[in-house]
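Residue 59 in the working numbering sits at position 59 of the sequence shown, with consecutive numbering throughout. Just so it is clear, CB atoms sit at the ideal spot from N, CA and C, and this is done for glycine as well.
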Amino acid sequence: MSTAAPQPKANQGQPVPRIDARLKVTGEARYAADIPLNNLAHGVLVTSAIARGRVRSIELDAARAMPGVLAVISYGDMDGVKTPQFGSAYTALGPLHDRAIWHDGQIMALVVAETPEAAEDAARKVKAEYDVQEPSGHFGSPGTETLPAKGHAQRPQENP
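Now the structure itself:
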């Protein structure tokens, strides 16, 4: 069986001109990010450069000293904060609660500043030293451990 391809644009509707097209292509369009807001802070995450290991030390003083930086939050700053135990905010790897690194790009610090540029510049000043371990890419990797499930989820019940 052979089916010929449709003629170009034969299976499409008529073009609809966009009223914002000229503004977008000329760079004159305003987006939500272009609207200034009062008292707005900007955050940048500092993430791990290794896939598995432990943060031996993390140097935050240079980032905290940068102009426009409001806060630098890392390990120890979150000790009194309870992590969600259920719902969409729950994760087994609570950010900033443990120096263990379980995956590449794991959050190690949060830099908050007055501008996005100040936050990015300060985030680049954060330096970390690691105790590197071999990453485990599959269930058979050295160091992986299989644990039995703690329980069973209840099956949904149909209403009679």
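Approximately 10 Å separates the beta-carbon atoms of Val112 and Ala123; this is outside 8 Å, ruling out the contact. Taking 9 Å as the cut-off, the beta carbon of Ile107 is found closer than this to the beta carbon of Leu45. In the DSSP assignment, the residues bridged to Gly53 are Ile101 and Val132. The alpha helix (DSSP H) runs lying completely inside the region 63–113 and spanning 4 residues or more number zero. Shown here, Glu120 sits in a helix according to DSSP, grouped into three states. Judged by DSSP secondary structure, Leu45 falls within the beta strand (DSSP E) whose first and last residues are His42 to Thr47. The Cβ-Cβ distance between Tyr75 and His97 falls below 9 Å. Contact between the region 40–58 and the region 112–121 is established, with three or more Cβ pairs separated by less than 8 Å.
Judged by DSSP in its simplified three-state form, Lys150 adopts coil rather than helix or strand. A distance below 9 Å separates the beta carbons of Gly53 and Val132.
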